[in-house]
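In my numbering, the protein residues as written are 38 to 322.
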């Protein structure tokens, strides 16, 4: 089947027509996606169905799909102790004549709205129960067993990637070897969690990653709000105090301070200060 949305590999689903995609998913899943509930992002679109579920549809190039497959939401559904929407089923297809695959996952509705954007500019009001649920879910996730490897930003995380990312920004001579790898969500930010009831969603890229990746990612998305960043540091301090957690803090800082840094990003200065402190700690530990 050829779908008109893919006129080229460079596709932005925020602006491309998606009616044909939605029609195909509706026929296959035997449901109707309510059009005025659509949430459109660069490579995904989602909406509420007439049976009170949510369908998320993603487009991904073949070279961005690892050998382990592209079924993160499905495989995450088996985990216990992690607050996430119940998974119901999926549809996957290869687009004719294109190096592209599409995937639609149907899940239960979220218990609330996302906390905010991926990067926050003001502190959200979160009850203590929310932080307790966050910690319980992240701890339960790290205790899982999986052969999957995390792919943050659709790039499989490896020791080589960690070293290269850190070395490209911080030239100091310190060991970047990761000691402990544990399951991680790999896209932990404020747009992928709900409030006031905590729920973690968008599991496409979860898998084994260096200890502390999720905590460092959430901290980095909080840096524009110092009190919020400090709260993340406090709640996940066992991660940040570990050697791997320090490396993941530098890994997160490298994304802020790297070649694509925006000169007006309010996170630049706190990321620089933190990186200097972490490097000094790595040299002495």
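Positions of the beta carbon are idealized from the N, C-alpha and C atoms, including for glycine.
Whole-angstrom distance between residue 204 and residue 324, CA atom to CA atom: This structure leaves residue 324 out entirely; the chain is present only between 38 and 322.
Runs of beta strand (DSSP E) wholly within the segment 112-136 (minimum 3 residues, chain order): 124-131
Cross-strand partners of residue 143 (DSSP beta bridge): 92, 126
Minimum length 4: unbroken alpha helix (DSSP H) runs contained in the segment 180-242: 196-206
Contact set for residue 239: own chain, Cβ-Cβ below 7 Å, skip 5 residues either direction: 224, 229
Among 68, 320, 268, the one whose alpha carbon lies nearest that of residue 165: 268
Reference residue 79, options 258, 283, 54, 158, closest by Cα: 54
Spatial distance of residue 47 from residue 60 (CA atoms): 22 Å
Backbone CA spacing between residue 194 and residue 289 [nearest angstrom]: 13 Å
First and last residue of the uninterrupted beta strand (DSSP E) at residue 81: 81-85
Three-state secondary structure (DSSP) of residue 151: strand
Three-state secondary structure (DSSP) of residue 72: helix
DSSP beta-bridge partners of residue 244: 221
Assigned exposure category for residue 52 - 16 Cβ within 10 Å defines buried: exposed
Assigned secondary structure, residue 178 (DSSP; H/G/I helix, E/B strand, else coil): helix
Sheet register partners of residue 138 (DSSP bridge): 97, 131
Contact the segment 252-261 vs the segment 136-146: 3+ CB pairs below 8 Å: no
Endpoints, the alpha helix (DSSP H) within which residue 306 is located: 305-321
Nearest-angstrom Cβ-Cβ length linking residue 281 and residue 303, presumed shorter than 8 Å: At roughly 27 Å, the Cβ-Cβ gap does not stay under 8 Å, so residue 281 and residue 303 are not in contact.
Pairwise C-alpha distance: residue 279 and residue 321: 13 Å
Proximal residues to residue 99 (C-beta, below 6 Å), its chain only, five neighbours per side dropped: 136
N-terminal and C-terminal residue of the alpha helix (DSSP H) that residue 256 is part of: 250-257
Residue from 260, 49, 113 with nearest C-alpha to residue 157: 260
Buried versus exposed call for residue 299 [16 or more other C-beta atoms within 10 Å across all chains shown]: exposed
Three-state secondary structure (DSSP) of residue 283: helix
Proximity below 7 Å, CB of residue 188 to CB of residue 119: no
Option in 81, 209, 87 with minimal Cα separation from residue 68: 87
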